[in-house]
């Protein structure tokens, strides 16, 4: 009920009191839309206060301070370049001068900037206007000792009752005591004087699902944002008549517009704004009907409340309660999204090897809005527009890092062809060509649609998989026509190739640096289905084109194959006293820097049929992207290199893109690896994570650098050698000094990490470096999981999907 009410009212910051959640169960107060939760809890189940921040709220938390009794929490932070202190307070239900004095000291010692305090204070500032006693028809004029203590606290803290400032002559209350048949205003929002200019309005709501009325203020820097993006409501299509109306609109659109003079892509792209308009109209209609009923009940409830506050009678209280219940029943419609999420988390998928159980065992990091970033000059910018522009400039440059590398550059194309010819790459056999170029079938489309989760985040057009699944009968034939037209050389409209980029901070990195964010592309759902189909086709032939050294995203291959081999090679180097160097390469923005002239030339060189290559080229013809920053309108920019992280096709394309480099490293006679029988082992790769196993390091390392520079010059791939790490075995100090002097590689004297496994210079340390830390972490995980309600079957699944894979790996 709490989160439903907050979402309905679009609350950015909520100051909650009397949560009555013990410390060991603090995790229960959570919601996907309010992932930033800060609480002060008592050990027993009493008291409790919390501050909830909406994900889209631009408030950045800088410090958190709590008491031990669960009565006060103070949050320091900033928003819109202003310092704020948020305080949630729950006053004692009785006289307690020590509490108010200690709380005032607590606030004065920790508060920074503008102060906003919200709380159930269990006291009034001015009893003649904030409390009534209708039993004798008089107002309670005499302040209690509790009221006096609260008044002194407010004065000492320098706070202002903002609601009374805005409503100087209004008499209203926030709490009704049926036992005493009295009203009082004991819930306050108090602010410091320098915050008055920030407050646009202040209101007291109605008493509905809680026994207290909510008190709210609207702040100027936290007012509603621009840049809101439309997304299909997952419950709209399930409302009565909506699905039928959409089906009728679709049938009418395609019947009137599917003509020979309109291309399949244009026909498909144009249907989206038409149906979006239909959906918006239907959503507005249902919302209007519902809001009319809600407003009617709210006005009635307000009249009844004011009448009961003035002249309470048993009859008026009964009518008031009935109206309140009717309003709450109407609000139950808003619980649909929560029920949908809760059903998946606690019932249908709660104890299965699926995402809800995995998220329960290992929660995602708390959402943190990007509130400041350093621009090109190193200056810290804090406004949403400046943050968006800084990220846009960075990624515009990244996705067009070499403007001269285009298909029209004949010199580049000749060098690429010669490089590929020298790599001795395998080519596709004739038996594999037809499945790649054959028309997309209804079965492939159905399989791609079935594999997608219905409520995953959509692309810029806002259409989710639920839309396509709900109307697959009408949309399917037109999707097939468009997909097959792309295989024949058709082009996609620019809007279809637009992607929204969500920025995920890299763990342990400085969040003020633009390069420390991973760009995840949210592409349109229909395009994602097409790339899923192409990806499934590629899976059938990847094993024939990619050497077994590369195990990343290749069907039938596992990462532990490379980690096991690397451990064996370490043992071989140690037991044979072979001077060797194990070098882990750090690729700089590997997926984002891949250049298309190299990729498309490679596809043709490998023997991919023209229809398949044309389909890939259609996806990379004129793509654009826009950075998602809360509070800003999107600013699209062109993309001219890179494979999109978040696209089902990207992992396979990148594996193909990297294979020529790996093949040159394998066949270079100047690069020495470990030879066993007729096999030589030089490298292990998991996507862009490459580990080189080198013997004769002094001669092998210069050859490796030459190969990396050669590949980088024609493909865009770049290794950050200063972040690359190495561990040596049986190498003299002089040889190590020679390597350090020639290359800025970090050579560790003990071990390096590769795919989460510590590879030590002494193989005898392999167990100590890996298993004790793993067993310790497993023990902590198993102990922490005991607080969750997981069935016996669910616990078995926890072992299978979380514990066992780590032990096997």
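Residue numbers (the UniProt record's numbering): 1 to 809.
Glycine is no exception: its CB is placed at the ideal position from the N, C-alpha and C atoms.
Reference residue i, options the options, closest by Cα
{"i": "residue 825", "options": "738, 788 and 207", "result": "A question about residue 825 goes unanswered here, because the residues of the chain that appear run from 1 up to 809."}
{"i": "residue 124", "options": "95, 51, 297 and 456", "result": "95"}
{"i": "residue 600", "options": "700, 621, 155 and 190", "result": "621"}
{"i": "residue 682", "options": "233, 775 and 548", "result": "548"}
{"i": "residue 180", "options": "802, 526, 726 and 312", "result": "312"}
{"i": "residue 674", "options": "747, 721 and 574", "result": "574"}
{"i": "residue 499", "options": "636, 506, 399 and 540", "result": "636"}
{"i": "residue 653", "options": "700, 320, 602 and 71", "result": "602"}
{"i": "residue 31", "options": "728, 128 and 52", "result": "52"}
{"i": "residue 22", "options": "47, 10 and 8", "result": "47"}
{"i": "residue 714", "options": "415, 88 and 285", "result": "415"}
{"i": "residue 327", "options": "15, 357, 370 and 292", "result": "292"}
{"i": "residue 175", "options": "308, 506 and 241", "result": "308"}
{"i": "residue 623", "options": "319, 640, 370 and 612", "result": "640"}
Distance CB(residue i)-CB(residue j) smaller than 8 Å
{"i": "residue 522", "j": "residue 502", "result": "yes"}
{"i": "residue 716", "j": "residue 625", "result": "no"}
{"i": "residue 618", "j": "residue 491", "result": "yes"}
{"i": "residue 782", "j": "residue 693", "result": "no"}
{"i": "residue 120", "j": "residue 265", "result": "no"}
{"i": "residue 60", "j": "residue 35", "result": "no"}
{"i": "residue 759", "j": "residue 559", "result": "no"}
{"i": "residue 436", "j": "residue 608", "result": "yes"}
{"i": "residue 546", "j": "residue 645", "result": "no"}
DSSP three-state assignment for residue i, whether helix, strand or coil
{"i": "residue 114", "result": "strand"}
{"i": "residue 294", "result": "helix"}
{"i": "residue 788", "result": "coil"}
{"i": "residue 166", "result": "helix"}
{"i": "residue 794", "result": "helix"}
{"i": "residue 11", "result": "coil"}
{"i": "residue 781", "result": "helix"}
{"i": "residue 223", "result": "Since pLDDT at residue 223 reaches only 44, below the 50 mark, its modelled position is unreliable, and no value is offered."}
{"i": "residue 805", "result": "helix"}
{"i": "residue 172", "result": "coil"}
{"i": "residue 137", "result": "Unreliable placement is indicated for residue 137, whose pLDDT of 48 sits below 50; no coordinate value is reported for it."}
{"i": "residue 465", "result": "helix"}
{"i": "residue 759", "result": "strand"}
{"i": "residue 816", "result": "Here the chain comprises residues numbered 1 to 809, so residue 816 is not present and cannot be evaluated."}
{"i": "residue 41", "result": "coil"}
{"i": "residue 4", "result": "helix"}
{"i": "residue 821", "result": "This structure cannot settle anything about residue 821, because the visible part of the chain is limited to 1 through 809."}
{"i": "residue 17", "result": "strand"}
{"i": "residue 729", "result": "strand"}
{"i": "residue 355", "result": "helix"}
{"i": "residue 432", "result": "helix"}
{"i": "residue 370", "result": "coil"}
{"i": "residue 505", "result": "strand"}
{"i": "residue 743", "result": "coil"}
Residue interval of the alpha helix (DSSP H) (run including residue i)
{"i": "residue 613", "result": "610-619"}
{"i": "residue 695", "result": "That residue, residue 695, is in no alpha helix (DSSP H); its beta strand (DSSP E) goes 689-695."}
{"i": "residue 384", "result": "384-398"}
{"i": "residue 255", "result": "242-257"}
{"i": "residue 560", "result": "559-575"}
{"i": "residue 666", "result": "650-667"}
{"i": "residue 675", "result": "Note, residue 675: premise wrong, no alpha helix (DSSP H); beta strand (DSSP E) at 674-676."}
The beta strand (DSSP E) enclosing residue i, as first and last residue numbers
{"i": "residue 420", "result": "Residue 420 -> not in any beta strand (DSSP E); alpha helix (DSSP H) instead, spanning 410-422."}
{"i": "residue 65", "result": "60-66"}
{"i": "residue 680", "result": "679-681"}
{"i": "residue 625", "result": "624-627"}
{"i": "residue 143", "result": "Here residue 143 belongs to no beta strand (DSSP E), and DSSP marks it neither H nor E."}
{"i": "residue 472", "result": "Taken as a continuous stretch (DSSP letters only), residue 472 belongs to no beta strand (DSSP E), being part of the alpha helix (DSSP H) at 472-487."}
{"i": "residue 51", "result": "49-53"}
{"i": "residue 76", "result": "72-79"}
{"i": "residue 161", "result": "159-161"}
Near the ligand PLP: residue i beta-carbon under 7 Å from a heavy atom
{"i": "residue 28", "result": "Although the ligand PLP was asked about, the structure shown includes no ligands whatsoever."}
Legend entry - Stretch pair the region 704-714 + the region 536-554: three plus CB contacts closer than 8 Å: Contact fails: fewer than three Cβ-Cβ distances are below 8 Å.
Legend entry - Given 8 Å, three or more beta-carbon pairs between the region 632-644 and the region 741-754: Touching, no.
Inset, instruction - Assess, as a yes-or-no matter, whether the region 579-593 is touched by the region 450-460 under the definition of 3 or more beta carbon pairs within less than 8 Å. - result: Touching, no.
Legend entry - At least three beta-carbon pairs within less than 8 Å, the region 193-202 to the region 110-129: Because the criterion of three Cβ pairs below 8 Å is met, the region 193-202 and the region 110-129 touch.
Legend entry - Three or more C-beta pairs below 8 Å linking the region 437-445 and the region 227-238: Taking 8 Å as the limit for Cβ pairs, the verdict is that the region 227-238 does not touch the region 437-445.
Inset, instruction - Count the CB pairs spanning the region 482-489 and the region 264-282 that are closer than 8 Å, and state whether there are at least three. - result: Contact holds: three or more Cβ-Cβ distances are below 8 Å.
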